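What follows is a short report on a single structure.
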Amino acid sequence: MNEQQNRTTRQNSAVTVIGLGPMGQAMTRTLLTAGHPVTVWNRTASRADGVVTDGATLAATPSEAVEASDLVILSLTDYQAMYDILDSATASLAGRTLVNLSSDTPDHSRQAATWAAGHDATFLTGGVMVPAPMVGTKAAYVYYSGRDQVKESHLATLTLLGTPKHLGEDPGLAQMMYQAQLAVFLTTLSGLMHATAMLGTAGMKAKEALPELLSAADSIGDILRAGEQNPGTTLDAGEHPGDLSTVTMMGATSDHIVETSTSLGLDLALPLAVQAHYQRAIENGHGRDNWTRIIDSIRGTR
25 MNEQQNRTTR QNSAVTVIGL GPMGQAMTRT LLTAGHPVTV WNRTASRADG VVTDGATLAA
85 TPSEAVEASD LVILSLTDYQ AMYDILDSAT ASLAGRTLVN LSSDTPDHSR QAATWAAGHD
145 ATFLTGGVMV PAPMVGTKAA YVYYSGRDQV KESHLATLTL LGTPKHLGED PGLAQMMYQA
205 QLAVFLTTLS GLMHATAMLG TAGMKAKEAL PELLSAADSI GDILRAGEQN PGTTLDAGEH
265 PGDLSTVTMM GATSDHIVET STSLGLDLAL PLAVQAHYQR AIENGHGRDN WTRIIDSIRG
325 TR
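Structure (structure tokens):
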């Protein structure tokens with residue numbers, strides 16, 4: 025078989041998708057569009073109706089789903105769901121590659137890799153960093169960790185879902201990056217809603233407030249990049265030069281946000297959490313340092 029035939033075979037290889045929420049359905053349709061035979065299974069079988077209409081094959085059992093393909097992609101609520109579903113199919117796992125794109129903790133990802141190895145399956149942790157409608161688009165990217173050769177053997181297929189970014193051998197690392205990205209995302213969403221609520225007390229509608237607030241959110245990356253050619257370099261060096269935004273200055277701003285939110289009768293959970301970071305840095309004698317000094321208390325150090 026020549027290289028072109030090899031490539032065609034890989035591109036048209038069978039794939040199994042277990043879990044058919046919006047993300048699982050999007051991945052299934054992306055793979056079908058690219059010409060892959062796709063077998064699916066979901067605990068609520070009716071969720072497969074749409075992708076079956078589009079050409080997927082519905083397996084009757086998890087074992088049947090696993091046995092249909094060498095590559096098994098999991099898109100579930102958490103890692104416990106993987107055990108709940110595949111514990112009845114462990115005899116079918118040998119020689120398969122499990123790519124778990126579910127959200128959970130790094131430790132659970134490491135435990136899952138050990139569990140898979142115990143059943144002679146290989147394991148790749150993944151984190152999809154776009155919502156379901158963007159799967160398969162140029163904007164999509166997916167973090168992976170685990171043995172690099174596992175990713176490479178299925179690279180053409182996985183690339184269809186989004187640009188793959190391999191972080192290393194540690195099965196927990198992709199999950200760590202996924203959670204880190206979501207920490208930024210969810211905190212930003214809460215900040216946007218808090219700010220919208222603040223402006224709403226002054227009679228400003230969300231449709232007027234959000235465009236302004238989103239512009240501010242969009243500018244944060246540019247602001248941080250402008251302060252340092254390679255963001256994070258001074259953090260890695262343990263340096264916090266206070267020539268721009270000091271802990272004391274940012275802390276005063278956080279005090280004003282708490283005071284304003286209190287006067288407006290808004291929930292204080294988010295502003296108090298932010299304020300606490302600056303208060304601890306000031307209490308530890310770092311008021312003149314750059315605002316990045318708050319990372320010490322977040323890390324659990326002084």
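Everything in the sequence shown is counted per the working numbering, starting at 25 for the first residue and increasing by one. Here a beta-carbon is modelled for each residue, glycine too, at the ideal position from N, C-alpha and C. All of these numbers come straight from a predicted model, not from anything done at the bench.
Please state whether DSSP places residue i in a helix, a strand or coil.
i, result
"Pro61", "coil"
"Pro86", "helix"
"Asn30", "Note that Asn30 has pLDDT 41, beneath the 50 cutoff, so the model's placement of it is unreliable and no number is given."
"Leu117", "coil"
"Thr129", "coil"
"Lys182", "Position check: residue 182 holds Leu in this sequence, whereas Lys was assumed. Of the three classes helix, strand and coil, the one that applies to Leu182 here is helix, per DSSP."
"Gly151", "strand"
"Thr81", "strand"
"Thr161", "coil"
"Gly324", "coil"
"Ser37", "coil"
"Pro265", "coil"
"Ile319", "helix"
"Ser243", "helix"
"Gly48", "helix"
"Ser93", "coil"
"Glu252", "coil"
"Arg67", "coil"
Determine the extent of the alpha helix (DSSP H) in which residue i is found, giving its start and end residues.
i, result
"Thr286", "271-288"
"Val298", "293-307"
"Gln173", "172-177"
"Met106", "103-110"
"Asp194", "That residue, Asp194, is in no alpha helix (DSSP H); it is neither H nor E in DSSP."
"Thr257", "257-260"
Exposed or buried, residue i, counting other C-beta atoms within 10 Å across all chains shown (16 or more means buried)?
i, result
"Thr40", "buried"
"Phe147", "buried"
"Asp313", "buried"
"Tyr107", "exposed"
"Ile247", "exposed"
"Pro235", "exposed"
"Ala50", "buried"
"Ser169", "buried"
"Arg53", "buried"
"Pro255", "exposed"
"Ile244", "exposed"
"His190", "buried"
"Thr93", "Per the sequence presented here, residue 93 reads as Ser, with Thr not at that position. Buried, by the Cβ-count rule."
"Leu213", "exposed"
"Thr225", "exposed"
"Gly275", "buried"
"Gly196", "buried"
"Arg67", "exposed"
"Val96", "buried"
"Thr33", "For Thr33, the predicted structure reports a pLDDT of 43, less than 50, and the residue's modelled location is therefore unreliable. The matter cannot be settled from this model."
"Lys229", "exposed"
With 9 Å as the threshold, decide whether the Cβ of residue i is near any Cβ in chain D.
i, result
"Ala141", "No chain D appears in the structure shown, which is made up of a single protein chain."
Using a Cβ-Cβ cut-off of 6 Å (strictly less than) and excluding sequence neighbours within five positions of residue i, which residues of its own chain qualify?
i, result
"Met25", "Note that Met25 scores 38 on pLDDT, short of 50, meaning its location in the model is unreliable and no value can be drawn from it."
"Ala219", "Leu237"
"Pro46", "Ala156"
"Arg317", "His264, Val271, Ala305, His310"
"Asp194", "Ser169"
"Ser278", "Val298, Gln299, Tyr302"
"Asn30", "Low confidence applies here, because Asn30 scores a pLDDT of 41, under 50, leaving its location unreliable and the question unanswered by this model."
Within the continuous beta strand (DSSP E) that includes residue i, where are the two ends?
i, result
"His218", "From DSSP, His218 is part of no beta strand (DSSP E) but of the alpha helix (DSSP H) over 197-224."
What are the residues that DSSP puts in a beta bridge with residue i?
i, result
"Lys189", "Tyr167"
"Leu98", "Ile42, Asn124"
"Asn314", "Thr270"
"Thr146", "Thr121"
Kindly list the residues whose CB is nearer than 7 Å to the CB of residue i, restricted to its own chain and excluding five residues on each side of it in sequence; keep chain order.
i, result
"Ser321", "His301, Arg304, Ala305"
"Val282", "Leu292, Pro295, Leu296, Gln299"
"Arg249", "Pro255"
"Gly150", "Val123, Asn124, Leu125, Val166, Tyr167, Tyr168, Ala198"
"Thr57", "none"
Report all residues from its chain with a CB closer than 8 Å to the CB of residue i; omit the five preceding and five following residues, and keep chain order.
i, result
"Ser126", "Gly43, Leu98, Ser99, Leu100, Thr101, Asp102, Tyr103, Ala105, Met106"
"Val159", "Met47, Ala50, Met51, Thr54, Val152, Leu185, Gly186"
"Arg326", "Asn308, Asp320"
Is residue i near the ligand FMN - that is, is its Cβ less than 8 Å away from at least one heavy atom of it?
i, result
"Thr77", "The ligand FMN is not part of the structure shown, which contains no ligands of any sort."
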